[in-house]
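S.K.: In the working numbering, the protein residues as written are 9 to 182.
From the three backbone atoms N, C-alpha and C, an ideal C-beta is built for every residue, glycine too.
Remember, it's a predicted structure, so these values are computed and weren't measured experimentally.
Handing you this structure, nothing more for now.
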Amino acid sequence: MTQLPTLVVTGPGGFKTTMKLNERTKFFEPYSKTTYLYLGRYSSVAKAGLYSFLLTSRGKASITLAVGDKEIFGEVLRGAAPTPTPTPTPTPTPTIAGYTLAQVKANNSAKSCWAVVDDYVYDLTKWINSHPGGPGAIVSLCGTDATAAFKAQHQNQAKPAVRLDSYKLGPLKK
Ligand code: HEM
């Protein structure tokens, strides 16, 4: 008993009490899977205000002081909040995604119309007959690198860029 720490609690309105350490009850704390001993418990209705807890150890000791009205499993914070364990990022599997210029060249008709713009491949087949600038403008691009033609007509225009994006197949493989 002479080696046990002392705990003095002070609170609002001149409240002061020295914890009586008159207990030795085992208590399994499931969160840290540790069996502790209750050395003392003090229970009373608190007044609003600041409380301070002065623990004085008389020897080398490892002490847990808990303050609260209930303990919820999984919500115990000891000291600083635990740093979250980083979730391992899966190693990305390298994909050989992309389309070759040869594939683009093979889709060179109104039946299947692919084109390249800025190193991405697009399937414009469905756009041919909806293009406000006429189907001819698109058909002439089928199977080609249409970067220059597209930019000459639609550079810095939002609608053609958004429309083009909706037909994206993937990057051009080089
Ligand atoms: C991948 C290729 C293309 C896409 C996705 C595309 C898309 C579009 C879109 C969305 C519009 C309507 C713009 C708006 O309402 O503000 C438009 C209009 C137009 N496009 Fe294209 N375009 C493409 C290629 C071309 C090319 C190569 C030419 C010319 C050779 C061209 C000529 C025009 C013209 C003249 C208009 C205006 C039509 C009007 O007077 O209403 N387009 N295009």
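Among the candidates Val53, Glu31, Asp153, Phe61, whose CA atom is the shortest distance from the CA of Asp126?
M.R.: Asp153
S.K.: Pull up the CB-CB distance for Thr14 and Thr26, whole angstroms please, since I reckon it's below 8 Å.
M.R.: The C-beta distance from Thr14 to Thr26 rounds to 7 Å, short enough to meet the 8 Å contact threshold.
S.K.: Taking the alpha carbon of Gly151 as the point to measure from, which residue in Thr42, Thr64, Lys119 has its own alpha carbon closest?
M.R.: Lys119
S.K.: Within a Cβ cutoff of 8 Å, which residues of the same chain sit near Gly48, ignoring the five residues on either side of it in sequence?
M.R.: Leu15, Met27, Lys28, Leu29, Asn30, Glu31
S.K.: Comparing alpha-carbon positions, which option in Thr155, Leu180, Lys182 lies nearest Ala169?
M.R.: Thr155
S.K.: Taking the C-alpha atoms as reference points, what is the distance between Pro186 and Leu63?
M.R.: The displayed coordinates of the chain run from 9 to 182. Any statement about residue 186 would go beyond what the structure contains.
S.K.: Under 7 Å, do Lys181 and Thr108 count as touching if we go by C-beta distance?
M.R.: Yes. Within cutoff.
S.K.: Can you list every residue whose CB sits closer than 5 Å to some heavy atom of the ligand HEM, going in chain order?
M.R.: Residues with a Cβ closer than 5 Å to any heavy atom of the ligand HEM, in chain order: Pro140, Gly141, Ala145, Ala157, Phe158, Gln161, Lys167, Pro168, Arg171, Leu172.
S.K.: Between the C-alpha atoms of Phe61 and Phe36, what's the straight-line distance to the nearest angstrom?
M.R.: 24 Å
S.K.: Please report the straight-line C-alpha distance between Asn137 and Ile146, rounded to a whole angstrom.
M.R.: 9 Å
S.K.: Out of Gly106, Tyr175, Gln11, Trp122, point me to the one whose CA is closest to Lys68's CA.
M.R.: Gln11
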